[in-house]
Amino acid sequence: MTKLSTVSSQVMWNRLISVVEEQAQALIRTAFSTSVREAGDLSAGVYNVDGDMLAQAVTGTPGHVNAMADAVAHFIREIGPDNIFEGDVYITNDPWKGTGHLHDITVVSPSFHKGKLVGYFACTAHIVDIGGRGFGADGNSVYEEGLFIPIMKFAERGEVDLSFVNLVRHNVREADQVVGDIYALATCNEVGHRRLIDMMVEFALDDLVAISSFIMENSHRATLERIAALPNQSAHGEMTIDGFSQPISLKVRLDIADDHILADYEGTSGVDKKGINVPLVYAKAYTCYALKCAIAPEIPNNAASLAPFRIAAPVNSIVNAVHPAPVALRHIIGHMIPDVVFGALDKILPRTVPSEGAGALCNFQVSLRPGTNPPQGARRAEILMFNSGGSGARPTLDGMSATAFPSGVMTMPVEATEHTGPVIVWRKELRPDSGGAGQYRGGLGQYMEVGVLEGHAFDISAQFDRLDHPARGRNGGRNGGETQIALDDGTKLRGKGRQAIPEGRRVKLAFPGGAGYGDPKLRDRDAIRRDIALGYVSAEAAKRDYGLSDAELAALTDAIA
Amino acid sequence: MSQSTSTHARPALSGRLGVDIGGTFTDVVLEIGDALHSTKVLTTYNAPEDAIIDGLQQVCRKAGVEPSVINQVIHGTTLATNALIERRGAKTALITTEGFRDVIEMRTESRFEQYDLNLKIPEPLLPRNQRYVLSERISAKGQVLKPLDRKAVEALAEEIAAGGYQSVAVGLIHSYLNDTHEKMVRDVLSARMPEVMISLSSEVSPQMREYERFNTVAANAYVKPMMKSYLSRLVRRLKEAGADGPVFLMHSGGGIISLESASEFPVRLVESGPAGGAIFAAHIAARYGLDKVLSFDMGGTTAKICLIKDQVPKTSRVFEVARTYRFKKGSGMPISIPVIDMVEIGAGGGSLAHVDSMRQIRVGPESAGSEPGPACYQRGGTRPAVTDADLVLGRLDPHDFAGGSIPLSPDASHDALSTHLGKTLGLDSATAAFGLSEVVDENMANAARVHAVENGEDLANYTMIAFGGAAPLHAGRLCEKLGIDRLIVPPGAGVGSAIGFLKAPFSFESTRSVYMRLNAFDAGVVRQLLSELRDESTNFVRSCDAHAAIHADYKVYMRYVGQGWEIPVSLSAADAENPNEKRFQDLFEADYATLFGRTVHGLDIEITVWAVNATTEPATAEKAVPLAAKRAAQSAGTRKLFDTASEQYRDASIVQRTALAAGDTVKGPAVVTEAETTIILPAGFNAVNRSDNCLDITRDNAGH
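The following block contains the structure:
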């Protein structure tokens, strides 16, 4: 083991972080599905020979954080140390060993330097389809949710297993996109590997042992310093959300100890019959994310900085669903976890965390097919769209409108989406009056309206929550606007599950707003005037929620006119 | 220079003026024959033309000529960039498709910093109450789904007129495929209010992805009235001063455009200064016959890094301006126009350092600027900046900084380094300075590496060309970090961008978005399309220069069907005249494999964008004559310089650059001093002063 100076260790740590950022960029550049190339639903990381994560790219998906950290150890164990060769590429979509559902494919590649194994690269991306019932909540077990790829080799010694590719090709819709994305995942590990070897040559390293321990020691110490600075207290948080057919109660108890924080989900609802259940890895990821945001935001993610955040949940609770529970839409509940954790944390660290927000991404998938009078060239298509509601207001700032939190994925450009199939997005814009009133206002949700080109028909797989349980305000802040979904003739639709849309009809969607923070009466008058001028808040709502007088409103209307 | 067709009697001498307006200084360079005369004057924000006239008079005095010898002015400026950053543009309306009023406000719906609970998303360039909608819709195939009613546009025109707007941006969904609705909007608006300026997204930036396109057209409209007025004032003032030749503008893509075109599409002037720097480096590359060059431009606040292959800077089709959060990707506004593809990071002489919670030294992007400046300026700055580290490490002479005009205090630097870094980390001030310097150098090296990988390049065989006040201090170490063995520091490094303007060719790129799969390849259509593009771009360049030879470069953007991002594939003129499907596929697969390691099995390939860039030949670079090292340069003494390899101070000889003759050699460790900068030669680096006064530095690999 080479002895490293402090300065060169610092340099190498930075370098590893830039190596994984490059790895992630390569994936975006070569990916096929819009969820990866436009929305950034992916992650990438580098590991030492023991499978401990050294650095992870900061991409759109905190949900991959812990899951990725644990994944490589599973690969090493199942492939077997004697079976790992230079040029190998491994793959899985096991929800319990990967990142929580079959739609995330994780690819791991060993890195060899001078003929010796020195580490691993891993990456994960959300693909557009994996067969089965299609992406949605409707499965009754994981067997209905699609093709399950156990940990196996995608390539051995550089040779791609074309039988495997063929098998995938015949089990998924949009085969070109899925196969293309698997190649892109392998490519991005290759790019990361090349950069790692450059670094090892430059610093004359034979292994990553010394730099690993430098990273682990510093991250661990920094995280522990932050935890030690917190009061040793326990607090509870709870939140009820819609669920599939019955409401779900999420409960957490946070225990802050000297050297760790435990989040215990005792008392949370049991597994659901439908595919909204969460494997523990994924619940852990969002628990960690919430705690890190509030306590140690700038410490990079790696095995040591994540270790002090512990999680416990009863087996067969909805946040610790085990095989073969259906888990396709594990993100809905996963994305709600930070609001639950913040509810507890607010009691320990007042005026630090935001009010509740939209939480879950407002995703939906449309399955299109030729209709009764199809035009020439009409075809089938699976199209996934990521969209966001409003985030919760902060102790000193308004919430962010139509901005993902806790997820960090991007929306797909409408123009890019419409190139992938005969879908038409007629509307995608801010939803006035959906931000919860408060001294600081919740972020606005958004409206969407979706149809198809004439001669096509479609089903929608709805993946929404907060129809019946809108985001709740803190310290006197009001609730955010609730989710709405209906046909353009007014017929209401369900918030979750696949639903056929009568030909010629469109779907109208209103995504939830974030909740307010603090008493609306304390809101700055100029901020209210600005909200009205820009149309974030209507005059009626300003009167009702903020107590604006008719005279004030009249003066304002004159000023605008 | 081309022959003038003017009937006026011409002065015997003919000169060209290069002018670069930067954030702090306006650089003016007068070229008469082979001679360059330069000056720096403070930028005059309220009337930027004042500084130009001032500088013009100064360089004319230096050269002993009258302004009338100037028969061409080439101008680049950060004014448009600054107007966007500081939000000082015109009252502007955006007209868009009903249902899409908030595209520029909703952005990508994501956060550019994942872990900051108090993140502030930047305000849109145009607020919501200045965004209007029309009922209309074009499909992804360019067909009209919902026609636009002229009456509705006329009604909207009344509303816009009543709103008192100076400028209007029009951005409709899928207009890059079908611009008829956008054109109808312009027709109606300009009939109703001829004085209002109108920008169409289908003209400013005909690219897919509505957020980028709408934002680009909004930015164009926002700066248009201001830039148009400034440019017309400038022409008048130049004429009054006696310089009545035409004025051309540097654009962000590194070419030169006419004043009229710049006034119509001022968003293309964004980052034209740094683009000039890249052209400057490309010119040096041509002179030395270098095919792989990394240009490194480091000033007071930022460093800019650009790849120059085959003597042409890399270009891209989208970049981000006005980043609001630590230069972080995503925190600014995307502008999709042809640009020289460079990375800019917050690393300059004024960048400040601190220790974070992981006991890591962090440098920048926060900068001390000129006020209060680094601690050593003794103008109230107490935190250590890169310049403080450079001073402590012996790279700067406290009595001879900026030609002696700013005395530096080493004690103040030592104090700042000890207080803010040394105490926390248990390091003495010299080691703290070394750590700071290493971190900023590593930041720049990382930026260069990421940029290289995005372009599929390995920097090992590159030559670095360094310019800008702070670059020559750090270039040697950066070469070590990047594995680069050769470094060139040209003369005039302090005004490199303005010199670059004078070397830039006239150029214009014509592009079309036409999707074509290789399995439906139509050679006739391809030939026709490329020849139309060639004619369009060539005619434009011809309008700038009536005589010069014009060269056309053909490029297609290709990808596997279903991917969202293309890679550029260069075609020869022969490929354009006799397009062949197999040849296109081979070119694409070769480039793809180089970039990403392996091609994808069994997928079709498509072409999305077609581009032809017409250009006059760049100013011919006189080939530098190989020159044998003649004699060791005269040393003006020695000083202690920190050696990064042994981590201790060593004696380094001091050499004055102005005293160097052609063929003089300098052996590191050494410092080569001049008025605008200092060149550091670490141990193991050897320099030869070439006949054009470029310092040609090589690194011996013995100790590597």
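These protein sequence lines map, in sequence, to chains L and X.
For the first sequence, the numbering used here assigns the number 582 to the initial residue and increments by one for each residue that follows.
For the second sequence, the numbering used here assigns the number 7 to the initial residue and increments by one for each residue that follows.
C-beta atoms are modelled at their ideal positions from N, C-alpha and C, and glycine is treated no differently.
From a predicted model like this one, the values you see are computed outputs, not experimental measurements.
Coil, strand or helix - residue i by DSSP
| i | result |
| --- | --- |
| residue 660 of chain L | helix |
| residue 829 of chain L | strand |
| residue 647 of chain X | strand |
| residue 177 of chain X | strand |
| residue 121 of chain X | coil |
| residue 546 of chain X | helix |
| residue 1131 of chain L | helix |
| residue 1078 of chain L | strand |
| residue 639 of chain L | coil |
| residue 470 of chain X | strand |
| residue 1050 of chain L | coil |
| residue 899 of chain L | coil |
| residue 1068 of chain L | strand |
| residue 392 of chain X | helix |
| residue 770 of chain X | Given a span of 7 to 710 for chain X in the structure shown, any question on residue 770 of chain X remains unanswerable. |
| residue 923 of chain L | helix |
| residue 278 of chain X | helix |
| residue 410 of chain X | helix |
| residue 778 of chain X | Outside the modelled stretch of chain X, which goes from 7 to 710, sits residue 778 of chain X, for which no answer is possible. |
| residue 936 of chain L | coil |
| residue 685 of chain L | strand |
| residue 908 of chain L | coil |
| residue 440 of chain X | helix |
| residue 348 of chain X | strand |
Residue i at chain A interface by Cβ criterion, 8 angstroms
| i | result |
| --- | --- |
| residue 764 of chain L | Looking at the structure shown, chain A is missing, and the protein chains on hand are L and X. |
Cα-Cα separation between residue i and residue j, rounded to whole angstroms
| i | j | result |
| --- | --- | --- |
| residue 193 of chain X | residue 200 of chain X | 10 angstroms |
| residue 131 of chain X | residue 140 of chain X | 20 angstroms |
| residue 33 of chain X | residue 44 of chain X | 7 angstroms |
| residue 1013 of chain L | residue 1053 of chain L | 18 angstroms |
| residue 731 of chain L | residue 639 of chain L | 27 angstroms |
| residue 714 of chain L | residue 708 of chain L | 15 angstroms |
| residue 236 of chain X | residue 53 of chain X | 8 angstroms |
| residue 1047 of chain L | residue 822 of chain L | 6 angstroms |
| residue 711 of chain L | residue 856 of chain L | 15 angstroms |
| residue 49 of chain X | residue 95 of chain X | 19 angstroms |
Cβ-based burial, residue i [other Cβ within 10 Å; buried from 16]
| i | result |
| --- | --- |
| residue 677 of chain L | buried |
| residue 748 of chain L | exposed |
| residue 1073 of chain L | exposed |
| residue 826 of chain L | exposed |
| residue 600 of chain X | exposed |
| residue 991 of chain L | buried |
Beta-bridge pairing of residue i - partner residues as DSSP gives them
| i | result |
| --- | --- |
| residue 21 of chain X | X/38, X/76 |
| residue 819 of chain L | L/832 |
| residue 657 of chain X | X/646 |
| residue 171 of chain X | Residue 171 of chain X is not bridged to any residue. |
| residue 190 of chain X | Partner(s): none; residue 190 of chain X has no beta bridge. |
Discussion item. Against chain L, which members of the segment 123-149 of chain X pass a CB distance test of less than 8 angstroms?
Written reply: Under the 8 angstroms Cβ criterion, the segment 123-149 of chain X contributes 123, 124, 125, 126, 127, 133, 134, 135, 143, 145, 146.
Worksheet item: Of all the residues that make up the segment 615-632 of chain L, which are near chain X by a beta-carbon distance shorter than 8 angstroms?
Response: If the cut-off is 8 angstroms between Cβ atoms, the segment 615-632 of chain L has 615, 618, 619, 621 near chain X.
Item to complete: Residues of the segment 874-893 of chain L with a CB closer than 7 angstroms to any CB of chain X: list them in chain order, please.
Response: Contact annotation: in the segment 874-893 of chain L, residues whose CB is within less than 7 angstroms of a CB in chain X are 874, 875, 878, 879, 880.
Worksheet item: Which of the residues in the segment 362-387 of chain X, read from start to end, lie with their CB under 9 angstroms from any CB of chain L?
Response: From the segment 362-387 of chain X, only 362, 363, 364, 365, 366, 367 have a Cβ closer than 9 angstroms to chain L.
Fill in: Contacting positions in the segment 326-342 of chain X - beta carbon closer than 8 angstroms to chain L
Listed by position, the residues of the segment 326-342 of chain X near chain L (Cβ gap below 8 angstroms) amount to none.
Worksheet item: Of all the residues that make up the segment 487-507 of chain X, which are near chain L by a beta-carbon distance shorter than 7 angstroms?
Response: Listed by position along the chain: 489.
Practice prompt. Give the residues from the segment 928-939 of chain L that approach chain X closer than 8 angstroms (Cβ to any Cβ), ordered along the chain.
Written response: For the segment 928-939 of chain L, which is checked against every Cβ of chain X, the residues closer than 8 angstroms are 933, 934, 935.
Discussion item. Give me the subset of the segment 179-208 of chain X whose CB atoms are less than 7 angstroms from a CB atom of chain L, sorted by chain position.
Written reply: Under the 7 angstroms Cβ criterion, the segment 179-208 of chain X contributes 179, 180.
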